[in-house]
Structure formats: C-alpha cells, structure tokens
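*Asks:*
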Amino acid sequence: MQIKTSLAAAIVILALSWTTGAAAEQQQNTSGDATASENESFSPFVDAKGNITRPQSFREDWVHIGSWFVGKDDQASGPGVHDVYADPSAVKAFQADGKWPDGAVLVKEIRGIEEGPKTTGHAQWAGDIGVWFVMVRDRQNRFPDNTAWGEGWGWALFTPDSPNTSTTDNWKGEGFNNCFGCHVPAKDTEWVFIEGYPTVRDAAKYDTQ
1 MQIKTSLAAA
11 IVILALSWTT
21 GAAAEQQQNT
31 SGDATASENE
41 SFSPFVDAKG
51 NITRPQSFRE
61 DWVHIGSWFV
71 GKDDQASGPG
81 VHDVYADPSA
91 VKAFQADGKW
101 PDGAVLVKEI
111 RGIEEGPKTT
121 GHAQWAGDIG
131 VWFVMVRDRQ
141 NRFPDNTAWG
151 EGWGWALFTP
161 DSPNTSTTDN
171 WKGEGFNNCF
181 GCHVPAKDTE
191 WVFIEGYPTV
201 RDAAKYDTQ
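Note that our numbering has the sequence shown beginning at 1, numbered continuously upward.
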C-alpha cells in the first residue's frame, strides 16, 4: 500500500511539474507573441522588427501639410520640390494636442525642378521623383536595437530603384541617410521642421520660430 501511495504521489508531482513548466513556457511564448503583435499593430507600415514600408496612396488619401522649394545652387544638398504629407489621424491629433501622436507617419516626396516660360512668366515646377523620406513616430522606444530608429522616430529613405524597401540601415548614415545631420536643427520641435507646415504649425505646442 505504501509503495502504491508513493508511486501515486510521484506521478502527481511529475504532472504538476510538467503543467507548471508548460504554463511558464506558454506564458513566455504568449508574452513574445504579444510584443510582436503590438509592434505589428503599432503601424501598418512597420513590421515586428521595425522595418518601414512606404505608404502607397498618400497623395490621394493623406493630408498635404506643406511644401518646401529648395533652389539649385552650390549650397543646396537636396534641391527640388519637397511635398510633405501626413496620415489624416495624425493631423487631427496634432491639431488637437500640438504634438505628433504615437504611430504618426510623415512622407516627404522630393521631385526635381523643371522650368521654362509660361503665360504668367518664367515658371518653375515639380519634375520627376527623386526620393521619398518616411518618418514614423514611436513614443515607446519599441526598436532599441534597430539603428534606423532614433529620438522617437523611425527613419526611412526610398528611391526610384528601391521604392518599396528602405535603404536606411542607420539614421546617422551617409548622404541622404544622414537623417540626424539634416534634422538636428529641428530637435526642439520633435525633429520636424514644423514652421514649413501651415496645416499644423499653428497648433504646435513648442516655439516654431
């Protein structure tokens, strides 16, 4: 009888150990899945690893918040017509709170400059696409090991040769991938040159001068 009791007790202990271990493993997997799911649902343009994709219909469906015109001269590193768009929900949130919300997406499309005589005089206008820049607001530091993310934003550069895959490995990279070098003058306005965007700048909660 004692042997049977001891055997039964051992079986119960093993069963409890297996159940506890399985529950812990399931909890760990669930936690990992939840983190991945959170990152995936954070933005439809960002995957679980922080890779950014380019929005496709921003011209038709998004809000044009402003444009820059950078003339052709020896000092210009990026001459062209710079049109900037933001997703509608981000614009509404900014107009209400004066800050870019978590998950906000900004797209800058840069086109070359064409010019010639028109009936109104000598004119300049947007030509062919040069590059696209995409910024995604991340207020939770979701991707600390991804060097394309920094200072609360994800940074991505797309070219006509790579329109759907970002060429940005490091936001402090070289050339057009030196996002830090370009945007550091705007660090006090959430790294965005808000003064150029009349659609939202009047709602900004920081100095725009």
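For every residue, glycine included, the Cβ atom is placed at its ideal position computed from N, Cα and C.
Note that the coordinates shown come from a computational prediction; the quantities given were computed from them, not determined experimentally.
(1) What do you reckon, are the CB atoms on T199 and G103 nearer than 8 Å?
(2) For my contact list, Y85 and V107 are in at a C-beta cut-off of 8 Å; report their separation, rounded to the angstrom.
(3) Spatial neighbours of K205 within its chain, please: CB distance less than 8 Å, with the 5 preceding and 5 following residues excluded, ordered by chain position.
(4) So, helix, strand or coil for A90, using DSSP?
(5) Could you compute how far the alpha carbon of G130 sits from the alpha carbon of F42?
(6) Hey, could you find the ends of the beta strand (DSSP E) D128 is sitting in?
(7) DSSP three-state call for T159: helix, strand or coil?
(8) Beta-carbon separation of G154 and D138 under 8 Å?
(9) If you draw a straight line from the C-alpha of T165 to the C-alpha of R201, how long is it?
(10) Mind checking who S67 pairs with in its DSSP beta bridge?
(11) Give, in chain order, every unbroken run of the alpha helix (DSSP H) that is at least 4 residues long and sits entirely within the stretch 143 to 191.
(12) Just reading off the alpha helix (DSSP H) that E195 is part of, what are its end residues?
(13) Please return the same chain residues whose Cβ sits closer than 6 Å to the Cβ of Q124, not counting the five positions on each side in sequence.
(14) Based on Cα-Cα distance, which residue from K187, N177, E195 and T189 lies nearest to S77?
(15) Whole angstroms is fine: what's the gap from R59's alpha carbon to P79's?
(16) Determine which residues share a DSSP beta bridge with K118 and list them.
(17) Can you give the Cα-Cα distance for G196 and W68, rounded to whole angstroms?
(18) What residue range does the alpha helix (DSSP H) around R59 cover?
(19) Return the CA-CA distance between W191 and D207, expressed in angstroms with no decimal places.
(20) Please classify D188 as buried or exposed, where buried requires at least 16 other C-beta atoms within 10 Å of its C-beta.
(21) So which of P44, V81, G173 and G150 has the shortest CA-CA distance to I110?
(22) Taking only the alpha-carbon atoms, compute the straight-line gap between H64 and D145 and give it to the nearest angstrom.
*Replies:* In brief:
(1) Translated into positions along the sequence shown, residue 199 becomes position 199. Translated into positions along the sequence shown, residue 103 becomes position 103. Cβ distance not < 8 Å, so T199 and G103 don't count as in contact.
(2) Position 85 of the sequence shown, counting from 1, holds the residue named residue 85. Position 107 of the sequence shown, counting from 1, holds the residue named residue 107. About 5 Å; that satisfies the 8 Å criterion.
(3) Position 205 of the sequence shown, counted from the start, is the residue given in the question as residue 205. So the qualifying residues of the chain are D97, G98 and K99.
(4) In the sequence shown, residue 90 corresponds to position 90, counting from 1. When DSSP states are grouped into helix, strand and coil, A90 belongs to the helix group.
(5) Along the sequence shown, read from residue 1 onward, the residue named residue 130 stands at position 130. Along the sequence shown, read from residue 1 onward, the residue named residue 42 stands at position 42. Each residue's alpha carbon lies about 29 Å from the other.
(6) For the purposes of this step, residue 128 is taken as residue 128 along the sequence shown, with counting starting at 1. Start and end: G121 to R137.
(7) Position 159 of the sequence shown, counted from the first residue, corresponds to residue 159. If DSSP states are grouped into helix, strand and coil, T159 belongs with the strands.
(8) Numbered from 1 along the sequence shown, position 154 holds the residue referred to as residue 154. Numbered from 1 along the sequence shown, position 138 holds the residue referred to as residue 138. Yes. Within cutoff.
(9) Here residue 165 corresponds to residue number 165 of the sequence shown, with the count starting at 1. Here residue 201 corresponds to residue number 201 of the sequence shown, with the count starting at 1. One C-alpha to the other measures close to 30 Å.
(10) Taking the first residue of the sequence shown as position 1, residue 67 is located at position 67. Answer is D83.
(11) Runs found: 179 to 183.
(12) Within the sequence shown, numbered from 1, the residue matching residue 195 stands at position 195. Going by DSSP, E195 is part of no alpha helix (DSSP H) at all; its letter is neither H nor E.
(13) Within the sequence shown, numbered from 1, the residue matching residue 124 stands at position 124. Shown here for Q124: same chain residues with a beta carbon closer than 6 Å to its own, the five before and five after excluded, namely I113 and E115 in chain order.
(14) Sequence index remark: in the sequence shown, residue 77 carries index 77 (1-based). Nearest neighbour of S77 by Cα position, chosen from K187, N177, E195 and T189, turns out to be N177.
(15) Along the sequence shown, one-based indexing puts residue 59 at 59. Along the sequence shown, one-based indexing puts residue 79 at 79. Taking the straight line joining both Cα atoms gives about 21 Å.
(16) One-based indexing of the sequence shown puts residue 118 at position 118. As computed with DSSP, K118 is found in a beta bridge with G121.
(17) For this step, residue 196 is matched to residue 196 along the sequence shown. For this step, residue 68 is matched to residue 68 along the sequence shown. Distance between the alpha carbons of G196 and W68 is about 7 Å.
(18) What you label residue 59 is simply residue 59 of the sequence shown in a count that begins at 1. R59 -> alpha helix (DSSP H) spans F58 to D61.
(19) Here the question's residue 191 lines up with position 191 in the sequence shown. Here the question's residue 207 lines up with position 207 in the sequence shown. So the alpha carbons of these two residues sit roughly 13 Å apart.
(20) For the purposes of this step, residue 188 is taken as residue 188 along the sequence shown, with counting starting at 1. Counting Cβ neighbours within 10 Å, D188 comes out exposed, since fewer than 16 surround it.
(21) Stepping through the sequence shown from its first residue, residue 110 is reached at position 110. Answer by Cα proximity: V81.
(22) Numbered from 1 along the sequence shown, position 64 holds the residue referred to as residue 64. Numbered from 1 along the sequence shown, position 145 holds the residue referred to as residue 145. Using only the alpha carbons, I get a separation of about 32 Å.
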